[in-house]
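I have placed the structure first, in the form of structure tokens, so that the comments after it can refer back to it.
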Amino acid sequence: MPLKKRNHSERTKKIVGLALGITGFLIPWFMNFPGLSFAGHMALGIFLIAAVFWMFETLPIYSTSMLVIFLQVALLSQQGVVYSDTALPKTPVVSHIDGLWEVPSEALDGNKVYIVEDSRNYTPIEVHVVEWGETVKVQSDDLSADTQIVSDAQHKLVGYTPISFSNFFGTLASPIIILFLGGFILASASVKYNLDKNLTNVLLKPFGEKPVFIVMGLMLVTATLSAFMSNTATTAMMMTVAIPIARQIDMKDKFRIMLTLSIPIAANIGGMATPIGTPPNAIVIANLNQQGINIAFGSWVALMLPLALGLLLLAWVAMRFFYPPTLKRFQLELQSKFEKSSKAIILYAVFAITVLLWFTEASHGIPSAMIAFIPIVTLTVTSVLGKDDIRALPWEVLWLVAGGISLGISMENTGLAMWLVSSISWDMLPQLALLLVFGLVALMLSNFLSNTVTATLLVPLAVSMGTAGIAGEGFSLIITSLVIGSACNMAMLLPISTPPNAIAMSTGYIKTGDMVKIGLVIGLIGITTALILATFYWPLIIQ
-8 MPLKKRNHSE
2 RTKKIVGLAL
12 GITGFLIPWF
22 MNFPGLSFAG
32 HMALGIFLIA
42 AVFWMFETLP
52 IYSTSMLVIF
62 LQVALLSQQG
72 VVYSDTALPK
82 TPVVSHIDGL
92 WEVPSEALDG
102 NKVYIVEDSR
112 NYTPIEVHVV
122 EWGETVKVQS
132 DDLSADTQIV
142 SDAQHKLVGY
152 TPISFSNFFG
162 TLASPIIILF
172 LGGFILASAS
182 VKYNLDKNLT
192 NVLLKPFGEK
202 PVFIVMGLML
212 VTATLSAFMS
222 NTATTAMMMT
232 VAIPIARQID
242 MKDKFRIMLT
252 LSIPIAANIG
262 GMATPIGTPP
272 NAIVIANLNQ
282 QGINIAFGSW
292 VALMLPLALG
302 LLLLAWVAMR
312 FFYPPTLKRF
322 QLELQSKFEK
332 SSKAIILYAV
342 FAITVLLWFT
352 EASHGIPSAM
362 IAFIPIVTLT
372 VTSVLGKDDI
382 RALPWEVLWL
392 VAGGISLGIS
402 MENTGLAMWL
412 VSSISWDMLP
422 QLALLLVFGL
432 VALMLSNFLS
442 NTVTATLLVP
452 LAVSMGTAGI
462 AGEGFSLIIT
472 SLVIGSACNM
482 AMLLPISTPP
492 NAIAMSTGYI
502 KTGDMVKIGL
512 VIGLIGITTA
522 LILATFYWPL
532 IIQ
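Counting from 1, position 534 in the sequence shown corresponds to residue 525 in the working numbering; the numbering is continuous, with no gaps.
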């Protein structure tokens, strides 16, 4: 495409994205969605503008994350403009004899009134209604002459207790951000001391010189590592292998896109294979254990390994189709000559210790984010990395991820996430359709929320449906939970869908559209494959 035409297309895309994003943001302000709180409406508007801007790249993706955090601070925090000092209508109770208190009839919500803790927060308490009239006389030990209550229990601000703005800003220092930073530090030091080039040469020798088989080798190594350690840590480490290769490839060759995409995709898929591979796996197992259902490590591998291998093959074939390499052969121009300076030796030791601890996290129990602080501290204290190296880190990616985490916080706290989930009449669906809807909802939410949050919302819902018997005959709690868990792990549509995607995006070698293509293929075909396994294969294992 000529440059002028391409620039016009990009401008048109951004204008369309801007119009759709602003429209999506405003719709919840002018439409009422039953069952969704006012705060949930505001969160929905933020969700829609973020989703559109991320997909259309109307703004730089890290700028959209900054916008998300700003909107949440302004609209949903205690210190914002909506939940201001005078926003919540309140009134003092009127004292009466014999322990009765008089409250406005509008203040009663069933048998509850809301005590105002400060200018924005309130606590519901139960009262005993004694007498109805223009005002209501109630009895409660929690009321006193100086108690302030919400004078209108149906006010739009009731139904959500705003959290401090620091919760949204604090996402920039969340454990996942620290894990990212540790990975970036390791990757930067590896590049500086040529560890990445040496690892590339060692790991890829068995896969020859054909570009497609080099990618296959990278995917197999990445998926294997990701089955036993953090997807994010695996991606950060394997990017140190992929980036030197990408640098040697012509900008116009689609091999560069294929190569960069292969790492996060393989990391996301590989995590499915073992119980410790991803947090959704652990959530599934924990919820099933609470119901007296135990899935052994080997059983989980037997259940999920065929799906993981199938998706790896699917992703490899899809990338070959969308991004066929121009190169017929690729000769690695790398020398396996490890540096022997004191700083390089410190790097090797820190790299080995960090990776070993990540590998054995299930044994020692130290969170991967805590382990990530080892390279952060050690490589800076020992001057392995200097201030210029620190400045050169992809800080914009940390903003990107923080925006996604922040969006998840508001969706949970405002009830938007549960509203989206509960808007479906699950009990009216046939069993296969029930699994399909669970899978699609998990896939959709995980592309915008963290897969951990999505699994935390959906798996308990499946458990409650199973224990309450509302899902009908033939409902299998194990199979439904496995479909939800695997669908959460298939979410890789956007840079904010998973941390590995964000890391890949930070290289600058791929665009959001590249992820969308592969993410759609993996998501839709992956859900179909999971349903086939759920129908014909998984029942054989869990019997």
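We treat Cβ as the ideally placed atom computed from N, Cα and C, and that holds for glycine.
Drop a sphere of 10 angstroms on the beta-carbon of residue i, count the other beta-carbons inside from all chains shown, and report buried for 16 or more, exposed for fewer.
| i | result |
| --- | --- |
| N480 | buried |
| W92 | buried |
| M402 | buried |
| F527 | exposed |
| K502 | exposed |
| V341 | buried |
| L511 | exposed |
| V43 | buried |
| N23 | exposed |
| P421 | exposed |
| W45 | buried |
| L423 | exposed |
| N(-2) | exposed |
| A453 | buried |
| F581 | Residue 581 lies beyond the residue range present for the chain, which begins at -8 and ends at 534; the question has no answer from this structure. |
Alpha carbons only, please: which of the options is nearest the one belonging to residue i?
| i | options | result |
| --- | --- | --- |
| S437 | V428, A482, L452, A363 | A482 |
| G301 | A257, V129, N404, K147 | A257 |
| L39 | K128, T14, L66, I60 | T14 |
| L531 | W291, M22, G12, V104 | W291 |
| V507 | L484, I494, T520, W307 | L484 |
| G517 | F159, M419, A218, A309 | A309 |
| A446 | V432, G457, M456 | V432 |
| A299 | P202, E125, L425, M210 | M210 |
| G261 | K243, R247, N222 | N222 |
| A478 | G430, F466, P153 | G430 |
| D241 | L376, L303, K5, F321 | F321 |
| E97 | V73, W123, Y74, D89 | W123 |
| A218 | V206, F198, A273, T231 | A273 |
| D132 | L411, I116, E125, G208 | I116 |
| A493 | T351, L252, I284 | L252 |
| Y113 | V149, F364, E125, V120 | V149 |
| L172 | F364, K334, I344 | F364 |
Output needed for residue i: all residues of its chain with C-beta closer than 7 angstroms, excluding positions within five of it in sequence on either side, in chain order.
| i | result |
| --- | --- |
| M435 | none |
| W529 | L294, I470, L473 |
| N259 | N222, N480, M483, T489, P491 |
Using the C-alpha atoms, what's the distance from residue j back to residue i?
| i | j | result |
| --- | --- | --- |
| S374 | P366 | 11 angstroms |
| N404 | G31 | 9 angstroms |
| F47 | G504 | 8 angstroms |
| K128 | V94 | 6 angstroms |
| L170 | A178 | 12 angstroms |
| V107 | S28 | 19 angstroms |
| V444 | F312 | 33 angstroms |
| M220 | M229 | 12 angstroms |
| V203 | L194 | 15 angstroms |
| I362 | L448 | 28 angstroms |
| E1 | I52 | 15 angstroms |
| R247 | G12 | 31 angstroms |
| G406 | I168 | 25 angstroms |
| T520 | K81 | 55 angstroms |
| N185 | I176 | 14 angstroms |
| L304 | M207 | 9 angstroms |
| V388 | I509 | 21 angstroms |
| N594 | A164 | Absent from the structure is residue 594, since the part of the chain shown begins at -8 and ends at 534. |
| L384 | L370 | 14 angstroms |
| Q63 | G161 | 13 angstroms |
| M(-8) | I487 | In this prediction, M(-8) has a pLDDT of 48, which is less than 50 and means its spatial position is unreliable; what the coordinates show is noted afterwards. Cα to Cα, the separation comes out at about 28 angstroms. |
Keeping to the same chain, check which residues put their C-beta closer than 8 angstroms to that of residue i; ignore five residues upstream and five downstream.
| i | result |
| --- | --- |
| I357 | L348 |
| D380 | S179, A180, K183 |
| L144 | Per the sequence shown, residue 144 should be read as Ala rather than Leu. For A144, where only same-chain residues beyond five positions count, the Cβ hits under 8 angstroms are E97, A98, L99, D100, K103, V104, Y105. |
| W20 | H32, M33, G36 |
Using beta-carbon positions only, say whether residue i and residue j come within less than 7 angstroms of one another.
| i | j | result |
| --- | --- | --- |
| I276 | I267 | no |
| L9 | T49 | yes |
| V474 | A525 | yes |
| T138 | V84 | yes |
| P491 | T215 | no |
| G394 | S441 | no |
| A237 | L250 | yes |
| A78 | G71 | no |
| S142 | Q69 | no |
| M57 | W390 | yes |
| S467 | V59 | no |
| H119 | Q130 | yes |
Cβ-heavy atom distance between residue i and the ligand GDP below 6 angstroms?
| i | result |
| --- | --- |
| R2 | Among the components of this structure there are no ligands whatsoever, and the ligand GDP is therefore not found. |
Can you find the residues in the same chain that come closer than 6 angstroms, C-beta to C-beta, to residue i, ignoring five residues on each side of it along the sequence?
| i | result |
| --- | --- |
| G514 | L434, M481 |
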